[in-house]
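Novice: End of the sequence shown sits at 256 in my numbering; the numbers just go up one at a time, nothing left out. C-beta: ideal position from N, C-alpha, C; glycine also. Predicted, not measured: the structure shown is a model, and the values here were computed from it.
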Amino acid sequence: MVGVLRIVDLYSGYGKMKVIQGVSFELGKGEIAAILGPNGAGKTTLLNSVFGLAAIHRGEVYFNGTKITGMKPSEIVKRGLSYSPQLDNVFPNLTVEENLLVGSFIRGRDPSVRADIEDVLELFPEIKRRRHQKAKTLSGGERQMLAVARALMTKPSALLLDEPTAGLSPKAASTLMSKVKEIKETRSVAVLLVEQNVAKALEIAERVAVLVSGRIVKEGSAEEFKAVQVESLFFTGK
Ligand SMILES: Nc1ncnc2c1ncn2[C@@H]1O[C@H](COP(=O)(O)OP(=O)(O)O)[C@@H](O)[C@H]1O
Ligand SMILES: [Mg+2]
19 MVGVLRIVDL
29 YSGYGKMKVI
39 QGVSFELGKG
49 EIAAILGPNG
59 AGKTTLLNSV
69 FGLAAIHRGE
79 VYFNGTKITG
89 MKPSEIVKRG
99 LSYSPQLDNV
109 FPNLTVEENL
119 LVGSFIRGRD
129 PSVRADIEDV
139 LELFPEIKRR
149 RHQKAKTLSG
159 GERQMLAVAR
169 ALMTKPSALL
179 LDEPTAGLSP
189 KAASTLMSKV
199 KEIKETRSVA
209 VLLVEQNVAK
219 ALEIAERVAV
229 LVSGRIVKEG
239 SAEEFKAVQV
249 ESLFFTGK
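(1) CB of Val226 to nearest heavy atom of ligand 1: below 7 Å?
(2) Tell me, please, which residues DSSP counts as bridged to Thr113.
(3) Taking any heavy atom of ligand 1 as the mark, which residues have a C-beta closer than 5 Å to it, listed down the chain?
(4) Count the other CB atoms, across all protein chains shown, that sit within 10 Å of the CB of Tyr32; report buried if there are 16 or more and exposed otherwise.
(5) So Leu141 and Lys189 are in contact, right, with Cβ under 8 Å, and what is the actual spacing, rounded?
(6) Please name the residue or residues paired with Met195 in a DSSP beta bridge.
(7) According to DSSP, is Phe43 helix, strand or coil?
(8) Tell me whether Asp180 counts as near ligand 2, meaning its Cβ is closer than 7 Å to at least one heavy atom of that ligand.
(9) Apart from the five residues on each side of it in sequence, which residues of its chain come closer than 6 Å, Cβ to Cβ, to Ser100?
(10) May I have the straight-line CA-CA distance separating Ile86 from Leu229, to the nearest angstrom?
(11) Do the stretch 192-209 and the stretch 114-128 make contact, defined as three or more Cβ pairs closer than 8 Å?
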């Protein structure tokens, strides 16, 4: 496996507070991997650590072979890693189109931004119809689509998605998951998906790890996980 993102024996948290405790994980090129875990397991902190938003105590993160530990989020984005956070992932008072434009700011005056807006809107006809509506008027599912679309505006080779199905109906969650798969297949973007929703994540993930109390307690192919009661691992950690 060619690792696009490689997390090596990472210990991290906030200030001196320890959250992630010795996590190693590799995301393959063009792969969808899922990190599953209960509330408070450290899923968001792990993504924040990769993206330069948490305190790294020990260990390293590599992106396309370059050590990104210690880099600022803006430097990381420029290297081709994008992040759709769990909360506040769209600007509610901006329109769909304005949100996408803001998503591209890191690229500066790139003449292809307009064409890229049209391109991501093609992926999401549901929000294309609403391009001039403010984000706060969207449904939960549409808002998550916008968050993912916005993350794509930096033209990433890998995408971090934090609980994109949270708060969505089962149907909206499945629609979103199939969009993520389409992004992977048509844009060759590798995806690291973080979820509490095991069933939805397993609809698209090729490889899975379970994170409990800041540690990976189980890891394997999605196939191997079909027979595993993942939720029970959330509570017992074994
Ligand atoms: N900004 C923060 N400052 C201090 N502690 C935090 C912060 N964010 C999260 N935590 C703590 O880190 C732990 C893991 O949280 P989090 O990474 O959000 O878990 P998850 O995303 O799996 O629900 C929790 O104990 C949480 O209270
Ligand atoms: Mg979280």
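Specialist: Reading from the atomic positions:
(1) no
(2) Lys152
(3) Tyr32, Val37, Asn57, Gly58, Ala59, Gly60, Lys61, Thr62, Thr63
(4) exposed
(5) No, Leu141 and Lys189 are not in contact; Cβ-Cβ is about 19 Å, not under 8 Å.
(6) In DSSP, Met195 forms no bridge with anything.
(7) strand
(8) yes
(9) Ala169, Thr172, Pro174, Leu177
(10) 22 Å
(11) no
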